[in-house]
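Numbering (the working numbering), first residue to last: 167 to 345. In what follows, a structure is listed as structure tokens, so that the remarks can point back to it.
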Ligand SMILES: [Zn+2]
Ligand SMILES: [Zn+2]
């Protein structure tokens, strides 16, 4: 649903991404937010997006809809935990460091540095493995979404106008659509 995936969003590296101009609330739905770990209300904001590289706007890409959790303002279906890939990559580096420093002969001048890595790197590896194995399994989103019923508001939550019934109910007052 989120068009924001097309271009890197603001949570990505700063060297490229998208500016979001003229935000307008266009829709709402019942949702499950992975950041809140709870059923929530999500709000879709439509913006005019312009891609940028090094903050120089270069590529108008038009109108996009971005879903955001009404409670925490995060993209509801993006897990807040660090991508596990980076943790596993960190673990590989720590293990390599341990091996390297145990394989290398002790430097007589800076023995303490060698011992710092000989003991520190394996200790950090063990800690990271423990953390990786212990990380609670996130409720699967598909499962969680089953517990979320569709929104059934009859009154617009933004401007209190009665919604117009239809395939998708919408607000004649402010134009939002109920999903
Ligand atoms: Zn949330
Ligand atoms: Zn309204």
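Where is the CB? At the ideal position from N, CA and C, for every residue including glycine. Predicted, not measured: the structure shown is a model, and the values here were computed from it.
- The stretch 185-201 makes contact with the stretch 308-318: 3 or more CB pairs, one atom from each, lie closer than 8 Å.
- As the crow flies, the alpha-carbon of residue 225 is around 38 Å from that of residue 309.
- Distance check between residue 280 and each of 219, 241, 268 places 268 closest, using alpha-carbon atoms only.
- With a cutoff of 8 Å on beta-carbon distance, residue 227 and residue 212 are scored as not near each other.
- For residue 245, there is no enclosing alpha helix (DSSP H), as DSSP marks it with neither H nor E.
- Ordered along the chain, residues surrounding ligand 1 are 199, 201, 202, 206, 235, 237, 238, 240, 242 [Cβ under 7 Å from any heavy atom].
- Per DSSP, the continuous beta strand (DSSP E) segment holding residue 214 begins and ends at 204-219.
- Taking 7 Å as the cut-off, the C-beta of residue 342 counts as close to a heavy atom of ligand 2.
- Note: residue 233 is bridge-paired with 210 in the DSSP secondary-structure output.
- Under the three-state reduction of DSSP output, residue 261 falls in the helix class.
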